[in-house]
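Each residue of the sequence shown is one higher than the last, beginning at 13 in the numbering used here. Here is the structure we will look at, set down as structure tokens.
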Amino acid sequence: ALAEISRAKDSLIGPEEFKQNAGSDFRLQKIAALYEHYQQNLQRADAMDFDDIIFNTVKLLETDKEVLEYYQNRFKYIMVDEYQDTNHAQYRLVSMIADGYKNFCVVGDDDQSIYKFRGADIENILSFENEFDSKVIKLEQNYRSTTNILDAANAVIRNNTQHKEKNLWS
């Protein structure tokens with residue numbers, strides 16, 4: 013149940029929307045009730061869980077233009093490492109803040125995304141250059157591996173259905 017609630021928060025889905033999305037699914041209805049109860053307990057304790065930190069920040073920036081503008085002006089440059097492993101809430105947070113100066117740099121490798129089970133959305137990096145005025149710099153030369161290893165890696169990478177073309181070389 014907690015994993016399902018965490019995934020919902022990563023997708024910026026609150027308890028009410030989760031309940032609506034549950035429809036007639038008995039399991040999801042029970043999780044929706046737990047989600048609502050969990051959030052009420054957190055609120056009574058004046059507390060947040062880890063997922064709430066980003067969830068509530070995004071909601072604040074979406075509803076308070078003055079706060080959003082403050083942080084857009086506060087951070088002239090934004091850089092995110094391991095961008096292939098960001099979830100929807102993280103994407104939304106940094107893209108809203110970066111919208112001020114539009115100085116947004118990300119580093120990542122779509123073929124190294126390993127955190128889907130934690131809510132990572134590979135689409136964040138795959139669509140980056142279409143969503144933001146950006147320049148892509150591919151770092152295809154590898155100084156740590158031999159040609160045989162990189163040839164094997166290229167053969168595996170070619171099987172990925174969702175990835176940017178690249179050719180690793182030594």
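Positions of the beta carbon are idealized from the N, C-alpha and C atoms, including for glycine. A quick note: this is a predicted structure, and the numbers were derived from the prediction, not measured.
With a threshold of 7 angstroms on Cβ separation, who are the neighbours of residue i within its own chain once the five nearest residues in sequence on each side are excluded?
i, result
"E141", "V148"
"I66", "A101, Q102, L105"
"L180", "E152, N154, L162, A165, N166"
"I109", "Y83, Q84, F87, I90"
Going by the beta-carbon positions, is the gap between residue i and residue j smaller than 7 angstroms?
i, j, result
"K128", "D63", "no"
"N99", "A59", "no"
"Y95", "I137", "yes"
"T158", "S182", "yes"
Suppose the cutoff is 8 angstroms on Cβ atoms and the five residues either side in sequence are ignored; what does the same chain contact list for residue i look like?
i, result
"D111", "Q84"
"S184", "The displayed coordinates of the chain run from 13 to 182. Any statement about residue 184 would go beyond what the structure contains."
Let me know if residue i comes out buried or exposed under the rule of 16 or more other beta-carbons within 10 Å of its beta-carbon.
i, result
"Q124", "exposed"
"D76", "exposed"
"D122", "buried"
"D97", "buried"
"I126", "exposed"
"V118", "buried"
"L73", "buried"
"V70", "buried"
"V79", "exposed"
Tell me, which residues are paired with residue i by DSSP?
i, result
"I90", "F116"
"Q153", "W181"
Can you find the residues in the same chain that come closer than 6 angstroms, C-beta to C-beta, to residue i, ignoring five residues on each side of it along the sequence?
i, result
"S18", "D63"
"A34", "L40, Q41, A44"
"Q51", "P27"
"K176", "D122"
Thinking residue i and residue j are a contact (beta carbons under 8 angstroms), I'd like their distance in whole angstroms, please.
i, j, result
"A13", "L46", "5 angstroms"
"K31", "E48", "7 angstroms"
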